[in-house]
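S.K.: The opening residue of the sequence shown carries number 15 in the working numbering; numbering runs sequentially from there. Cβ coordinates follow ideal geometry from the N, Cα and C atoms, glycine included.
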Amino acid sequence: MKAISLKPGTTALQLTSRDEPSIAAPDEVKLQVLRVGICGTDREEAAGGRAMAPAGRQDLIIGHEMFGKVVETGKDVKSVKAGDFAVFTVRRGCGKCLPCQMDRPDMCRTGQFMERGIWGLDGYQTEYVTDRVKYLVKVPAEIEKAGVLLEPLSVAEKAIEEAVRIQFARLPDAYSTPEWLYGKKCLVAGLGPIGLLAALALRLRGAEVYGLDIVAPETARPQWIEKIGGHYINGRNANTASGKTGGGAGQMDMVFEAAGIASLDFSLLDFLAHDGIYVLTGIPGGGRPLQIPGAEMMRRLVLYNQAVAGSVNAAHGHFRMAANDLLQSAAMWGDHAEKLITNRYKAEAFNDVFTRHSPDEIKAVIEWA
Ligand code: BGC
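1. Check whether the Cβ atoms of arginine 250 and leucine 283 lie closer than 8 Å to each other.
2. State whether the region 55-65 contacts the region 166-175, with contact taken as three or more CB pairs (one from each stretch) at a distance under 8 Å.
3. Would you call the region 358-371 and the region 177-191 touching, i.e. three or more CB-CB distances under 8 Å?
4. Say whether chain C places a C-beta atom closer than 8 Å to the C-beta of glycine 308.
5. Do you know how far the Cα of leucine 163 is from the Cα of glutamine 126?
6. Would leucine 317 be called buried (16 or more neighbouring beta carbons within 10 Å of its own) or exposed?
7. Can you give the beta carbon distance from lysine 83 to glutamine 46, rounded, assuming they're within the 8 Å contact cut?
8. With 16 other CB atoms within 10 Å as the buried threshold, where does glutamine 28 fall?
9. In the DSSP output, what is tyrosine 224 paired with across the bridge?
10. So, at 7 Å on beta carbons, what are the nonlocal neighbours of arginine 235 in its own chain, with the 5 sequence-adjacent residues on each side left out?
11. So, for aspartate 33: in the same chain, excluding its five sequence neighbours on each side, which residues have a beta-carbon less than 8 Å away from its beta-carbon?
12. Is it buried or exposed, asparagine 327, if we count other Cβ atoms within 10 angstroms and call 16 or more buried?
13. Please report how far the alpha carbon of asparagine 8 lies from the alpha carbon of glycine 134, in whole angstroms.
14. Tell me which residue opens and which closes the alpha helix (DSSP H) that valine 178 is part of.
15. One question on the structure: do threonine 89 and proline 40 come within less than 8 Å of each other, judged by their Cβ atoms?
16. With DSSP run on the structure shown, which of helix, strand or coil describes asparagine 338?
17. Here's the rule: buried if 16 or more other CB atoms are within 10 angstroms of the residue's CB, otherwise exposed. What is arginine 71?
18. Could you tell me if arginine 49 is buried or exposed, where buried requires 16 or more neighbouring beta carbons within 10 angstroms of its beta carbon?
19. Rounded to the nearest angstrom, how far is the Cβ of glutamate 222 from that of lysine 241, given a contact under 8 Å?
20. Per DSSP, which residues does glutamine 28 bridge with? Please list them.
21. What does the alpha-carbon distance come out to for the pair proline 373 and serine 190?
22. Which residues in the same chain as glutamate 156 place their Cβ atom closer than 8 Å to its Cβ, once the five residues preceding and following it in sequence are excluded?
23. Is any heavy atom in the ligand BGC found nearer than 7 Å to the beta carbon of isoleucine 9?
24. Within a Cβ cutoff of 6 Å, which residues of the same chain sit near lysine 110, ignoring the five residues on either side of it in sequence?
25. Considering methionine 389, what are the terminal residues of the beta strand (DSSP E) in which it resides?
26. Please classify threonine 369: does DSSP put it in a helix, a strand, or coil?
27. Helix, strand or coil, according to DSSP, for histidine 78 in the structure here?
28. Note the first and the last residue of the continuous alpha helix (DSSP H) segment covering arginine 313.
29. Let's see if you can read the secondary structure: which residues bound the alpha helix (DSSP H) around leucine 214?
30. Rounded to whole angstroms, what's the CA-CA distance from alanine 323 to threonine 233? Just pull it up for me.
31. Using C-beta distances below 6 Å, list every residue in its chain close to lysine 353, excluding the 5 sequence neighbours before and after it, in chain order.
32. Please report how far the alpha carbon of histidine 330 lies from the alpha carbon of aspartate 120, in whole angstroms.
33. Can you give the Cα-Cα distance for phenylalanine 81 and aspartate 73, rounded to whole angstroms?
34. Under a Cβ-count criterion, where at least 16 other Cβ atoms within 10 Å of its own Cβ denotes burial, should threonine 24 be classed as buried or exposed?
35. Is the closest heavy atom of the ligand BGC to the C-beta of valine 162 under 7 Å?
36. Cα-Cα, which of Ile380, Glu59, Ile18, Val153 is closest to arginine 358?
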């Protein structure tokens, strides 16, 4: 079967041939890969950045945002059958720390986890994949077309859930409403797929959503966020240094960072209200050293009771939350979620996909079947 693999640490990406995997244990499931999304992490890998090949191999099959169809199940598998749509999660735990033993490898404490398509395990940019059913998330047929967005949405779900839990743990009035986010002001910074999907999840929970980016308001991303009732703030006009948001939006109860640009990330603290929570999901690449007004920032964090949290990866439960949200999104806004998939390629075009990024592209996917 065909697969896209990479020699980690290099830019040597290739369309290669691998043996088709078969079910090797009674709790395994085999999926036919239908499509696989491409994100900043894939592009970082393809540029010679963070990636690790499986033990004993020189190359790694890349790809972690998968969507597939069950073709075969081991004899102990009862929860899915051939023909069902499903995805496999990304991270596999170290088996040593408590979070990993509790099936929360997204919170691994040793750092000795592996990630399919990224770190030590082959990924999903190929025709067939197998794994244990405990890593499988069933996808309802109604959201087949948006199913490839499950993984990036799961990352947003985890970060939002963490932020809300932190606020519940510390705010005296958190219990005044069953849905803390309802009516809360949330700024989403960076309107790539994760930011837009975070905006979607926040809107579904009744939050007042402001999306910040630096593109022209009439382009696809601002338009997409406005369609779900969000507001666009053009970062080129916003004056963050004054502590007031451009567009007169006021201070935010939550800031969701999805830009991965260190200089911007620090300035986003200016948007945060008293008692606010700032959650970061972007992973900045190496860059030049940055000058930041450290004392002023620390002063405000303390005097305004602000909380800052970083969030990476997602647990099985966050994938299920993502599937529920895509179902709800379909009920509210029809095919709006799948409109995030702007570019579709065949595997043979791999070189263009991983190294280029057209300005009007939101999510690019490789169609395998
Ligand atoms: C993936 C996560 C992964 C992270 C770090 C992200 O692109 O969506 O699943 O944990 O990269 O490798």
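M.R.: Per the coordinate set shown:
1. As a working note, residue 250 is residue 236 in the sequence shown. As a working note, residue 283 is residue 269 in the sequence shown. Cβ distance not < 8 Å, so arginine 250 and leucine 283 don't count as in contact.
2. no
3. no
4. The question asks about chain C, but that chain is absent: this structure has only one protein chain.
5. Position 112 of the sequence shown, counted from the start, is the residue given in the question as residue 126. Position 149 of the sequence shown, counted from the start, is the residue given in the question as residue 163. Using only the alpha carbons, I get a separation of about 27 Å.
6. To locate residue 317, count along the sequence shown from 1; it is residue 303. Leucine 317 should be labelled exposed.
7. Residue 83 sits at position 69 when you count from the first residue of the sequence shown. Residue 46 sits at position 32 when you count from the first residue of the sequence shown. Right, the Cβ-Cβ distance comes to about 5 Å (below 8 Å), so this counts as a contact.
8. For the purposes of this step, residue 28 is taken as the residue at position 14 of the sequence shown. The residue in question, glutamine 28, is exposed, as its Cβ has fewer than 16 Cβ neighbours within 10 Å.
9. Taking the sequence shown and counting its residues from 1, the one referred to as residue 224 is at position 210. Note: tyrosine 224 sits in a beta bridge opposite Leu201, His245.
10. Position 221 of the sequence shown, counting from 1, holds the residue named residue 235. Counting only Cβ-Cβ distances below 7 Å, and skipping sequence neighbours, we find Leu205, Leu210, Asp227, Val229, Ile376.
11. The residue labelled residue 33 in the question sits at position 19 within the sequence shown. Contacts found: Met15.
12. Translated into the one-based positions of the sequence shown, residue 327 becomes position 313. Classification of asparagine 327: buried, given that the 10 Å Cβ count is 16 or more.
13. Within the shown structure, residues of the chain are numbered from 15 to 383, placing residue 8 beyond reach of any answer.
14. Counting from 1 along the sequence shown, the entry for residue 178 is found at position 164. It spans 164-184 - the alpha helix (DSSP H) in which valine 178 sits, taken as one unbroken run.
15. Numbered from its first residue, the sequence shown carries residue 89 at position 75. Numbered from its first residue, the sequence shown carries residue 40 at position 26. Per the sequence shown, the amino acid found at residue 89 is lysine instead of threonine. In contact: lysine 89 and proline 40 (Cβ atoms closer than 8 Å).
16. By 1-based counting over the sequence shown, the position of residue 338 is 324. Asparagine 338: helix per DSSP, three-state reduction.
17. For this step, residue 71 is matched to residue 57 along the sequence shown. Exposed.
18. Start at 1 with the first residue of the sequence shown, and residue 49 comes out as number 35. Buried is the call here.
19. Here residue 222 is taken as the residue at index 208 of the sequence shown, counted from 1. Here residue 241 is taken as the residue at index 227 of the sequence shown, counted from 1. With 8 Å as the limit, glutamate 222 and lysine 241 do not qualify as a contact, their Cβ atoms being about 16 Å apart.
20. Against the sequence shown, residue 28 aligns to sequence position 14. Paired residues: Ser19.
21. Here residue 373 corresponds to residue number 359 of the sequence shown, with the count starting at 1. Here residue 190 corresponds to residue number 176 of the sequence shown, with the count starting at 1. Proline 373 and serine 190: Cα-Cα distance of roughly 43 Å.
22. Indexing the sequence shown from 1 puts residue 156 at position 142. Here the set comprises Leu341, Ala344.
23. Absent from the model: residue 9. The displayed extent of the chain is 15 to 383, so no value can be given.
24. Your numbering for residue 110 matches position 96 in the sequence shown. Thr124, listed in sequence order.
25. Lying outside 15 to 383, the shown extent of the chain, residue 389 is not represented and no answer is given.
26. Position 355 of the sequence shown, counted from the first residue, corresponds to residue 369. Note: threonine 369 maps to helix in three-state DSSP.
27. On the sequence shown, residue 78 is found 64 positions in, with the first residue counted as 1. Here histidine 78 sits in coil by DSSP.
28. Taking the sequence shown and counting its residues from 1, the one referred to as residue 313 is at position 299. From DSSP, the alpha helix (DSSP H) with arginine 313 extends over 308-317.
29. What you label residue 214 is simply residue 200 of the sequence shown in a count that begins at 1. Where leucine 214 is concerned, the enclosing alpha helix (DSSP H) stretches over 207-218.
30. The residue given as residue 323 occupies position 309 in the sequence shown. The residue given as residue 233 occupies position 219 in the sequence shown. Looking at the two C-alpha atoms, the distance is approximately 31 Å.
31. If you number the sequence shown from 1, residue 353 lands on position 339. So no residue of the chain qualifies.
32. Counted from its first residue, the sequence shown places residue 330 at position 316. Counted from its first residue, the sequence shown places residue 120 at position 106. Histidine 330 and aspartate 120: Cα-Cα distance of roughly 9 Å.
33. Locating residue 81 in the sequence shown gives position 67, where the first residue counts as 1. Locating residue 73 in the sequence shown gives position 59, where the first residue counts as 1. Looking at the two C-alpha atoms, the distance is approximately 22 Å.
34. Taking the first residue of the sequence shown as 1, we reach residue 24 at position 10. Answer is exposed; the Cβ neighbour count stays below 16.
35. For the purposes of this step, residue 162 is identified with residue 148 of the sequence shown, where counting begins at 1. False, no ligand heavy atom lies under 7 Å from that Cβ.
36. Position 344 of the sequence shown, counting from 1, holds the residue named residue 358. Checking every option, the nearest Cα to that of arginine 358 belongs to Ile380.
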